[in-house]
Amino acid sequence: MTVEVVHFNPRRRRPGLLGRILPRRPLNNFGDLLGPLIVDRIVAERGLIEPAEHKRLACVGSIMRLTAPGDVVWGSGINGKTMSLGAAPHLDVRAVRGPRTAEALREAGVSVPTVFGDPALLWARWWPRESYLTGELLTPVSVVPNHNERSSYRGSNVIDPLGEPHEIIGKIARSEFVCGSSLHGIVLAEALGIPARLVRSTAEPAFKYDDYYGGTGRPNYSAASSVEEAMAMGGESPPVFDDAALLEAFPADLWHGNT
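The number in the numbering used here is simply the position in the sequence shown, starting from 1, with 338 added.
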């Protein structure tokens, strides 16, 4: 058996006539695919051994609604479209994305430590920006929209958030400035040390953005209303969070040989 890393990747019907013939395909929103990659790297780094029994770990993403009784939570959050807390109060919470998720869980009777941060903020620990640079010129401004707003953005500097994570993160890494409504577009840019500014989403509630910025010491962040305004504003102040505390909170005890 293994530790299952819970993540959101629904299968969607293909557009047009092909959708009636071919099987549904995974959405592959890159931010929702980061959790398993990060957990695999930590497990390998620490030499952890898979347990005999099946266990579940929820980490990167607004996936609290997907939790089941007994799940361990490390850095995930609530979306805000629904305030469903999944299996609360029957959760083992080690860290959450930010204070808004923490408050909602505590109100539901869950014990929540004051350890905040999206685990994707740790990305550069294993995949630094330099590992993605290829010597080509950097893109001055890259735009990463929320996957529900892809059709609203056009241009060679728009990064489609659907696809293979390293390919998308490579494009972010090769940018001088990143903006957009993709939460993990912002998170990854900031993790790699790139100035970033959120563009207010028309499809997503503010909850998850408030949660992320609140969990990184910036409760009074400012979102732009457009790409042009984001460029004029420049990057938000850098994130402030305790990466050591977030790493220490990783539930290595789910595996054998934990260190």
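A virtual CB, placed ideally from N, CA and C, is assigned to each residue, including glycine. From a predicted model like this one, the values you see are computed outputs, not experimental measurements.
{"Check": "Coil, strand or helix - Ile387 by DSSP", "Outcome": "strand"}
{"Check": "Coil, strand or helix - Trp465 by DSSP", "Outcome": "coil"}
{"Check": "Collapsed DSSP secondary structure at Thr439 in the structure displayed", "Outcome": "helix"}
{"Check": "Per-residue burial, Ser513 [other beta carbons within 10 Å of its own, 16 or more giving buried]", "Outcome": "buried"}
{"Check": "Classification of Gly598 by the beta-carbon crowding that lies within 10 angstroms, buried from 16 upward", "Outcome": "Summary: the structure shown does not reach residue 598, with the chain confined to residues 339 through 597, and so no result is reported for it."}
{"Check": "Extent of the continuous alpha helix (DSSP H) to which Glu528 belongs", "Outcome": "Leu521 to Ala529"}
{"Check": "Assumed close pair Gly508, Val516 - CB separation to whole angstroms, cut-off 8 Å", "Outcome": "Between Val516 and Gly508 the Cβ distance is about 13 Å, and since that is not below 8 Å, they are no contact."}
{"Check": "For Leu526 and Leu459, the rounded distance between their alpha carbons", "Outcome": "7 Å"}
{"Check": "Where the alpha helix (DSSP H) through Leu584 begins and ends", "Outcome": "Asp581 to Glu586"}
{"Check": "Ala433 (DSSP reduced to helix, strand or coil)", "Outcome": "strand"}
{"Check": "Supposed contact pair Arg432 and Val448 - C-beta distance, whole angstroms, cut 8 Å", "Outcome": "Not quite, the Cβ-Cβ distance comes to about 12 Å (not below 8 Å), so this is no contact."}
{"Check": "Proximity below 8 Å, CB of Pro533 to CB of Gly573", "Outcome": "yes"}
{"Check": "Cβ shell of Asn367 (< 7 Å), same chain only, five flanking positions each side left out", "Outcome": "His485, Pro499 and Leu500"}
{"Check": "Cβ pair Pro457, Ile401 closer than 8 Å", "Outcome": "no"}
{"Check": "One or two residues paired with Ser422 in a DSSP bridge", "Outcome": "None; Ser422 has no bridge partner."}
{"Check": "Cβ neighbour criterion (16 or more within 10 Å) applied to Val381", "Outcome": "buried"}
{"Check": "Contact under 8 Å by Cβ, Val481 with Gly518", "Outcome": "yes"}
{"Check": "Cα-Cα separation between Arg438 and Ala426, rounded to whole angstroms", "Outcome": "15 Å"}
{"Check": "Which listed residue (Leu371, Glu566 and His345) has its alpha carbon closest to that of Ile506", "Outcome": "Leu371"}
{"Check": "Assumed close pair Val344, Arg394 - CB separation to whole angstroms, cut-off 8 Å", "Outcome": "6 Å"}
{"Check": "Of the listed residues Arg535, Tyr551 and Ala511, nearest to Gly473 (C-alpha basis)", "Outcome": "Ala511"}
{"Check": "Terminal residues of the alpha helix (DSSP H) in which Glu505 lies", "Outcome": "Pro503 to Ala511"}
{"Check": "DSSP state of Glu574 mapped onto helix, strand, coil", "Outcome": "coil"}
{"Check": "Cβ pair His594, Pro389 closer than 8 Å", "Outcome": "yes"}
{"Check": "Check whether Gly455 and Gly553 have beta carbons under 8 Å apart", "Outcome": "yes"}
{"Check": "Residue of Leu592, Pro589, Glu566 and Leu584 minimising C-alpha distance to Tyr491", "Outcome": "Glu566"}
{"Check": "Selection from Glu391, Asn417 and Thr405 that minimises the alpha carbon distance to Phe539", "Outcome": "Reading off the sequence, residue 539 comes out as Ser, not Phe. Nearest option by C-alpha distance: Asn417."}
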